[in-house]
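Asks: Sharing a structure with you now.
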Amino acid sequence: MPRRLLQRYMPHPDALRRQRSLRFMGGLIGDPALWILGRRSVANAFSVGLFSAMLPIPLQMAVAAGGAWVARCNLPLSVGLVWVTNPLTMPLIFYANYRLGAWLMNVPARDAPEHLSPRWIAERLGDILPALTLGSVVTAVALAIVSNLAVRLLWRWQVSRNWKKRQRRRHERRPDGDGAA
Numbered sequence: 009m010p011r012r013l014l015q016r017y018m019p020h021p022d023a024l025r026r027q028r029s030l031r032f033m034g035g036l037i038g039d040p041a042l043w044i045l046g047r048r049s050v051a052n053a054f055s056v057g058l059f060s061a062m063l064p065i066p067l068q069m070a071v072a073a074g075g076a077w078v079a080r081c082n083l084p085l086s087v088g089l090v091w092v093t094n095p096l097t098m099p100l101i102f103y104a105n106y107r108l109g110a111w112l113m114n115v116p117a118r119d120a121p122e123h124l125s126p127r128w129i130a131e132r133l134g135d136i137l138p139a140l141t142l143g144s145v146v147t148a149v150a151l152a153i154v155s156n157l158a159v160r161l162l163w164r165w166q167v168s169r170n171w172k173k174r175q176r177r178r179h180e181r182r183p184d185g186d187g188a189a
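To convert a position in the sequence shown, counted from 1, into my numbering, add 8.
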């Protein structure tokens with residue numbers, strides 16, 4: 009079941025509450041509603057986490073934590089999914105978002121430089137920012153919707169499959185095999 013898989017990798021709320029750097033979030037971390045691993049909670053956590061990951065802003069994890077609190081979904085999953093845009097994947101994802109935004113705005117997209125530098129970004133930020141923002145928001149909304157639906161469908165399929173397995177096992181255990189008790 010998906011719940012068991014997710015529980016294996018999730019930190020325990022008490023362990024997080026004991027960390028000095030997270031003590032200021034004690035009330036948020038201690039809220040049991042933000043640790044539920046149910047179909048809706050996990051699907052909404054995927055939406056919140058992936059939406060936050062696609063935004064080209066600092067403090068994406070704080071945005072995801074706030075979103076998890078507002079949406080009442082799984083907090084660690086929301087915050088962990090922000091790492092889809094890690095230092096290795098961030099340039100590729102945000103460049104793709106920029107290209108999408110430029111295409112939607114019907115403006116020519118700039119080619120990526122051979123050597124990306126803070127100076128190059130600072131010089132062209134005014135040109136890049138509108139397209140990057142639009143592309144990132146469109147990608148974030150689309151990814152949030154698709155991930156939510158995918159998680160709900162996958163969860164439902166998994167539960168249905170487990171029910172069928174249980175029924176098959178119960179039927180095989182019966183002595184006469186015809187379902188009569």
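Every residue, glycine too, gets a C-beta built ideally from N, C-alpha and C.
Would the C-beta of residue 54 count as close to the ligand PLP, meaning under 6 Å from any of its heavy atoms?
Replies: Ligands in the displayed structure: none, and consequently the ligand PLP is not present.
Asks: Report back the beta-carbon spacing between residue 42 and residue 83 to the nearest angstrom; my notes put them in contact at under 8 Å.
Replies: In the sequence shown, residue 42 corresponds to position 34, counting from 1. In the sequence shown, residue 83 corresponds to position 75, counting from 1. Confirmed, Cβ separation roughly 4 Å.
Asks: May I ask you to report which of helix, strand or coil DSSP gives residue 155?
Replies: Indexing the sequence shown from 1 puts residue 155 at position 147. Here residue 155 sits in helix by DSSP.
Asks: In chain order, what residues of the same chain lie with their CB nearer than 6 Å to the CB of residue 161, ignoring the 5 residues before and after it?
Replies: Within the sequence shown, residue 161 is the residue found at index 153, counting from 1. Cβ contact annotation for residue 161 (same chain, cutoff 6 Å, sequence separation greater than five): none.
Asks: For residue 132, which option in 142, 146, 119 and 144 has the closest C-alpha, if you only look at C-alpha atoms?
Replies: By 1-based counting over the sequence shown, the position of residue 132 is 124. The candidate whose alpha carbon is nearest that of residue 132 is 119.
Asks: Which runs of the alpha helix (DSSP H) at least 4 residues long sit entirely within the stretch 94-135? Give them in chain order.
Replies: As far as the stretch 94-135 is concerned, its whole alpha helix (DSSP H) runs of at least 4 residues are 98-113.
Asks: Applying the criterion that 16 or more other CB atoms from any shown protein chain within 10 Å of the CB defines a buried residue, is residue 137 buried or exposed?
Replies: Along the sequence shown, one-based indexing puts residue 137 at 129. That one is exposed.
Asks: Within 7 Å of any Cβ in chain B, is that where the Cβ of residue 144 sits?
Replies: Annotation note: the requested chain B is absent from the structure, which comprises a single protein chain.
Asks: What are the boundary residues of the alpha helix (DSSP H) that includes residue 87?
Replies: The count along the sequence shown starts at 1 and reaches residue 87 at position 79. Counting along the chain, the alpha helix (DSSP H) containing residue 87 begins and ends at 83-89.
Asks: Check residue 69 in the structure and name its three-state DSSP category.
Replies: Here residue 69 is taken as the residue at index 61 of the sequence shown, counted from 1. It is helical.
Asks: Drop a sphere of 10 angstroms on the beta-carbon of residue 109, count the other beta-carbons inside from all chains shown, and report buried for 16 or more, exposed for fewer.
Replies: Along the sequence shown, read from residue 1 onward, the residue named residue 109 stands at position 101. Residue 109 should be labelled buried.
Asks: Identify, in the order they occur along the chain, each residue of the same chain with its Cβ nearer than 7 Å to the Cβ of residue 49, setting aside the five sequence neighbours on each side.
Replies: Translated into the one-based positions of the sequence shown, residue 49 becomes position 41. Contacts found: 81 and 82.
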